Amino acid sequence: MDLQLQGTTALITGAAGGIGRATAHGLAAEGVRVALLDRDGAALHDVARDCPDAVVLVADVTDEGQVQAAVHAGVAALGRLDAVVCCAGVSGPVGTPIEETTLDIWNRVLAVNVTGSFLVLKHALAALREAEAASVVLLASDSALVASPGMVPYCTSKAALVQFARALSVDLADTRVRVNTVAPSIVDTPMSRSDLGAAAFDDPPFPVQSAAEVAAHVAYLVSPRTRAVNGTSILSDFGYTARSGFPA
């Protein structure tokens, strides 16, 4: 199916690696000109090599001044803005009880995962409103619905991100800007391998999806083909949350 993305533009955060990198490559392959935003400039330039005429924006999504400057520079370079995909995220502590979780770590996870998306959209919305059909996609997680022990900050941040998207879709209901989330379960990314250990992916006892598979969901939601899809989330978890715990 033609996603009708040829000639459109998108700003992608967290584009240096993982799902952000896969999203950049996936959208570029559909004919989208992308602006790539991340703190890691060297990695961004590496990603940009496979994205024709990409715009590289080095910024920390938790710093409003940097975000504002980067977004404005990106829009100016692209000439228009049809989509924003927020992939920047951190996992925070894994297997850490809340009593051992410091306030600094809690604040850092919420700052990157939630406030970062807020800041990017705060400064990108003016350009998105001018688009004929704009789309915002936020990368959440199945951890917005289910929880693993010792990951309270991460789970909290992803649940907040889902509701942020829903609330923003309501605020923008009278515009041409749609807001949705993608909520995958375990994805084979450098962050997941750091959290779980690379050996955990050798013969995993759990289903694993690739970053490219998640990027395909993003491309679908960015596409004007999904103009009626708004304020919702694609849960990509192999059906895990559909299963009952009833012992029958």
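Numbering (our numbering), first residue to last: 794 to 1041. Ideal Cβ placement from N, Cα and C applies to all residues, glycine included. All values derive from a computational prediction rather than experimental measurement.
Would you identify the three-state DSSP class for Thr1034, choosing helix, strand or coil? helix
How many angstroms separate the CA atom of Pro997 from the CA atom of Gly811? 19 Å
Going by Cα to Cα distance, which pick from Gly872, Ala835, His916, Thr949 is closest to Ser884? Thr949
One question on the structure: do Ala1008 and Ala815 come within less than 9 Å of each other, judged by their Cβ atoms? yes
From which residue to which residue does the beta strand (DSSP E) around Pro977 run? 970 to 977
Straight-line gap, Arg971 to Gln861 (C-alpha atoms, nearest Å): 21 Å
Arg1020 classed as buried or exposed, judged by whether at least 16 other C-beta atoms fall within 10 angstroms: exposed
What do you reckon, is the C-beta of Val868 under 8 Å from a heavy atom of the ligand FAD? Summarising the ligand content, the structure contains no ligands, and the ligand FAD is consequently not present.
In DSSP terms, what Val878 is bridged to: Ile805, Val930
Three-state secondary structure (DSSP) of Leu1028: strand
Minimum C-alpha distance to Gln859 - residue among Asn900, Leu932, Leu830: Leu830
Evaluate contact between the stretch 981 to 988 and the stretch 931 to 943, counting only Cβ atoms and requiring at least three cross-stretch pairs below 8 Å. no
Neighbourhood of Val975 by C-beta distance below 8 Å, restricted to the same chain and skipping five residues each side: Val930, Leu931, Leu932, Ala933, Val1007, His1010, Val1011, Leu1014, Ser1026, Ile1027, Ser1029
Under the rule that 16 or more other beta-carbon atoms within 10 Å means buried, what is Pro977, buried or exposed? buried
Opposite Gln1002 in the DSSP bridges: which residues? Val980
What first and last residue would you give for the alpha helix (DSSP H) that runs through Arg832? Unbroken run through Arg832: none, as it is neither H nor E.
Could you give the DSSP three-state label for Arg826: helix, strand or coil? strand
Compare the beta carbon distance of Arg826 and Ala803 with 9 Å and say whether it is the shorter of the two. yes
Buried or exposed: which applies to Met794, given that a residue is buried once 16 or more other Cβ atoms fall within 10 Å of its Cβ? exposed
Counting C-beta neighbours from all protein chains within 10 Å, is the total for Ser1016 16 or more, i.e. buried, or is it exposed? buried
Would you report the Cα separation of Thr940 and Thr1034, rounded to the nearest angstrom? A small fix is needed here, since residue 940 is Ala in this sequence, not Thr. Cα to Cα, Ala940 sits roughly 11 Å from Thr1034.
Check whether the Cβ atoms of Ala847 and Ala821 lie closer than 9 Å to each other. yes
Between the alpha carbons of Thr908 and Val854, how many angstroms are there, rounded? 8 Å
Alpha carbons only, please: which of Ala1004, Arg1036, Leu874, Val963 is nearest the one belonging to Asn1023? Val963
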